[in-house]
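A.B. asks: Offset between the sequence shown (1-based) and the numbering used here: plus 27.
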Amino acid sequence: MGLLRLLQLVSPGLPVGAYSYSEGLEFLVQVGKIQDEEGLEQWLIQELRYGAARLDAAVMVRSYRSLKLGDFEAVCRWNRWLSATRETEELRSQNWQMGRSLLRLFLDLQPGDMEGQWFGVLKREGCNFAIAFGVVAAEWGIDLRSAVLGYLHSWVTNLVGAGVKLIPLGQTTGQQLILSLNPELERATEEVLNLVDGDLCSCGWGLTLASMSHETQYSRLFRS
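Right, here's the structure in full:
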């Protein structure tokens with residue numbers, strides 16, 4: 028059952044709106060910083076090793092573990108912490124929109140499973156997608172390592188899909204790129220699972236600048 032729930036949670040068909048965001052990739056392609064599959068692969072590897080994707084996955088782990096312990100205040104605290112790390116309005120809006128959509132979907136699928144004051148706090152303050160993902164994965168009994176791997180794989184798949192449209196790349200090239208990133212996904216998963224709180228950081232100034240520029244980009248396919 029856990030595997031089936033994981034497949035549903037990371038499915039491209041999950042109606043949370045991930046497909047509508049490029050996380051700055053659209054601007055990077057426009058200005059020629061990313062022009063081919065090699066450039067896209069290096070960008071994704073850097074984000075997995077040092078960037079916001081790694082940080083988000085690590086906070087997702089804390090959301091998952093906190094819910095399993097029944098520490099609902101910790102879930103809310105980590106949500107506020109993650110919101111404070113968002114460096115642009117675009118990135119914050121994306122994560123709150125996707126998080127809100129995932130929580131609403133979960134409540135529609137399983138009414139009454141997440142009630143109480145703590146859930147009201149998440150809805151009122153704006154719930155980051157990583158927090159919502161961790162909460163749902165814990166509620167659905169998904170193995171934590173599988174949840175992290177699925178979270179990162181879903182992120183990579185979404186941005187490769189954006190790259191296929193923007194660069195553009197062929198569909199086969201996109202699938203080859205996802206396959207070539209499998210070792211990086213495995214490595215990132217193990218690192219995320221073993222990160223202590225004091226090592227939570229992100230060196231993602233390139234993403235920040237790209238996101239800031241995308242907010243005012245004249246012509247956009249992806250949501251800002």
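Glycine included, each C-beta is placed from N, C-alpha and C at the ideal position.
In this text, all values refer to a predicted model and were calculated from it rather than measured experimentally.
#1: Smallest Cα separation from G97: which of F146, G66, E53, L134?
#2: Between V37 and G168, what straight-line distance do the alpha-carbon atoms span, to the nearest angstrom?
#3: When the distance is taken between beta carbons, is G51 closer than 8 angstroms to A237?
#4: Inspect the beta-carbon positions of Y77 and F249 and report whether they are closer than 8 angstroms.
#5: Just verifying my parser: in three-state terms, what is the DSSP assignment at F146?
#6: Taking DSSP as the reference, what is the three-state secondary structure of Y48?
#7: Would you kindly work out how many angstroms separate the C-alpha atoms of R119 and S181, rounded to a whole number?
#8: Residues in its own chain within less than 8 angstroms of C230 by CB, not counting five upstream and five downstream?
#9: Taking the alpha helix (DSSP H) that D226 falls in, what are its first and last residues?
#10: Report the three-state DSSP secondary structure of N155 (helix, strand or coil).
#11: Should the stretch 64–78 be called in touch with the stretch 153–162, which here means at least 3 C-beta pairs below 8 angstroms?
#12: How close, in whole Å, do the beta carbons of V219 and V148 come, if the pair is a contact with beta carbons under 8 angstroms?
#13: By how many angstroms is the C-alpha of L134 removed from the C-alpha of Q73?
#14: Who are the Cβ neighbours of G29 in its own chain at under 8 angstroms, not counting the five residues just before and after it?
#15: Over what stretch of residues does the alpha helix (DSSP H) that includes G177 continue unbroken?
#16: For N122, does the count of other Cβ atoms within 10 angstroms reach 16, so buried, or fall short, so exposed?
C.D. replies: Concretely, from the data shown:
#1: F146
#2: One C-alpha to the other measures close to 15 angstroms.
#3: Taking C-beta atoms as the reference points, A237 and G51 count as a pair closer than 8 angstroms.
#4: no
#5: helix
#6: coil
#7: In this structure, the alpha-carbon of R119 lies about 19 angstroms from that of S181.
#8: Y77, G78
#9: Premise fails: D226 is in no alpha helix (DSSP H) and is neither H nor E.
#10: It is coil, neither helix nor strand.
#11: No: the two stretches stay apart, fewer than three of their Cβ pairs being nearer than 8 angstroms.
#12: Contact flag wrong, Cβ pair sits at about 25 angstroms.
#13: 35 angstroms
#14: W167, G168, I169, D170, S173, listed in sequence order.
#15: 171–193
#16: buried
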